[in-house]
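To start, the structure under review is shown below, and the notes come after it.
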Amino acid sequence: MKHSQFDVIVVGGGHAGVEAAAAAARMGVRTALITHKRDSIGVMSCNPAIGGLGKGHLVREIDAFDGIMGRAADAAGIQFRLLNRRKGPAVQGPRAQADRSLYRQSVQQQVSEQENLSVVEAEVVDLLMEGSCCCGVVLAEGGDISARSVVLTAGTFLRGIIHIGDVSRPGGRMGDDPSVRLAERIDDFGLKLGRLKTGTPPRLNGRTINWSVLEMQPGDEDPVLFSFLSKETAVRQIACGITHTNDKTHEIIRGNISRS
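Below is the structure:
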C-alpha cells in the first residue's frame, strides 16, 4: 500500500478501536481500521467477561450509540447475572461470561458488514504531521495512509511487556509483537507514556475440574442483556463453579510475593 486516502484512521483493533472505527463509519466518513492481524480483531485477551459494576453501565451506553460491544456480548454470553439486584437501579450492573471464540466472531462480522469501514492489516510506525496536526500514518512495510483525523487506540501494544513468572519479554499480548517504533514517535511529542497492568487468569480445562466439590452458581433465570436490540440469549447457558483460597494458597502467595 503505497498511498491511500481516508477521512479517519483508527490504529488498533481492540475494544476501543473497533468502537471508534465503527462510530466514524456510521457517520458516513471513509474509515480505515489498522491492526497487526485481521484475525485478532475482537480477541478477548484478558478476562473473558463483559460488564460488572460501572463497566456494565458503560457497555449499555455504547449500545445506545449503536455500538458493537453490547451485541457481541449478547451473542457470546454463556452466563448473565445482574449484580446488586437487591439494590436500586443506579448501582445495579449487568455482567456476562462470554465464549471468547463467539465474541471475536461477532465483532469481526459486525466490522465486515459495516459500510465505509476498511480493515488494513499492517503496523503503524510513524505519524505524518503538517505543523501541529496529524494528517496520516506510515506503515512498517512501506507506504503511508493520509486522513483528516487519526485515532490511536493501541492499548497494551505501545512498548508492551509480558510477564510470565520470572520471565519478562516484549509483547503487545501473547503471540503479538509490541509497537515500539510508534511509542518512540509519541515520545518525540513529549507525551508521557504510562503503563497499566492487566492480569490474565489461567485457562482451565473443564474436563479436569472436580465440579462436585464446587458451589454451583447459575445465571439469572430472566437475564438482563446488554443490547436494547437483543431479545433472548443466543447460546446455551452454563453455570459457574465457586471455590475459595485456603491456607495452602495463602502460604504460596506469602512465599512468593517478593517475586510479583
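Straight run, no breaks: the sequence shown in the numbering used here ends on number 1538.
Using N, Cα and C, we set each Cβ at its ideal position, and we do this for glycine too.
For residue i, which beta-bridge partners are listed by DSSP?
i: Cys1518; result: Gln1495
i: Gly1371; result: Leu1361
i: Pro1448; result: Ile1439
i: Ile1287; result: Ala1310, Val1428
i: Gly1329; result: Arg1373
i: His1281; result: Asp1422
i: Ser1457; result: Leu1436
i: Gly1355; result: Ala1376
To the nearest angstrom, report how far apart residue i and residue j are at their CA atoms.
i: Gly1477; j: Ile1530; result: 18 Å
i: Asp1404; j: Ala1418; result: 8 Å
i: Ser1424; j: Met1347; result: 28 Å
i: Val1307; j: Ala1400; result: 21 Å
i: Gly1409; j: Arg1463; result: 15 Å
i: Val1369; j: Ile1340; result: 18 Å
i: Gln1387; j: Ala1299; result: 14 Å
i: Arg1304; j: Pro1326; result: 27 Å
i: Gln1357; j: Arg1459; result: 41 Å
i: Met1310; j: Ile1487; result: Contrary to the premise, residue 1310 reads as Ala rather than Met in this sequence. Distance between the alpha carbons of Ala1310 and Ile1487: 44 Å.
i: Glu1499; j: Thr1527; result: 34 Å
i: Gly1420; j: Ser1282; result: 12 Å
i: Leu1336; j: Lys1365; result: 19 Å
Using 8 Å for Cβ pairs, my map puts residue i next to residue j. What's the rounded Cβ distance?
i: Asp1263; j: Val1286; result: Absent from the structure is residue 1263, since the part of the chain shown begins at 1279 and ends at 1538.
i: Arg1338; j: Phe1504; result: 6 Å
i: Leu1406; j: Val1415; result: 6 Å
i: Gly1371; j: Gly1329; result: 6 Å
i: Ile1516; j: Gln1495; result: Between Gln1495 and Ile1516 the Cβ distance is about 11 Å, and since that is not below 8 Å, they are no contact.
i: Leu1331; j: Leu1360; result: About 11 Å separates the two Cβ atoms, so there is no contact after all.
i: Asp1454; j: His1314; result: 6 Å
i: Thr1431; j: Ala1294; result: 4 Å
Of all the options the options, which has the alpha carbon lying nearest to the alpha carbon of residue i?
i: Val1289; options: Ser1427, Glu1493, Asp1454, Asp1444; result: Ser1427
i: Val1385; options: Glu1499, Asn1524, Glu1297; result: Glu1297
i: His1522; options: Asn1534, Asp1498, Pro1496, Leu1492; result: Leu1492
i: Leu1474; options: Ala1461, Leu1507, Ile1439, Leu1482; result: Ile1439
i: Pro1549; options: Gly1433, Leu1331, Leu1395, Cys1324; result: With the chain covering 1279 to 1538 only, the question about residue 1549 has no answer from this structure.
i: Glu1393; options: Asn1524, Ala1302, Asp1500; result: Ala1302
i: Cys1412; options: Val1429, Gly1420, Tyr1381; result: Val1429
i: Gly1472; options: Leu1436, Ala1342, Ser1446; result: Leu1436
i: Val1380; options: Gly1533, Ala1461, Ala1351, Asn1524; result: Correcting the residue type first, residue 1380 is Leu in the shown sequence and not Val. Per the Cα distances, Ala1351.
*Only counting runs of 3 or more residues, tell me where the beta strand (DSSP E) segments fall wholly within the region 1383 to 1423, in order along the chain.*
Residue ranges of uninterrupted beta strand (DSSP E) with 3 or more members, entirely inside the region 1383 to 1423 and ordered along the chain, are 1395 to 1399, 1402 to 1408, 1411 to 1417.
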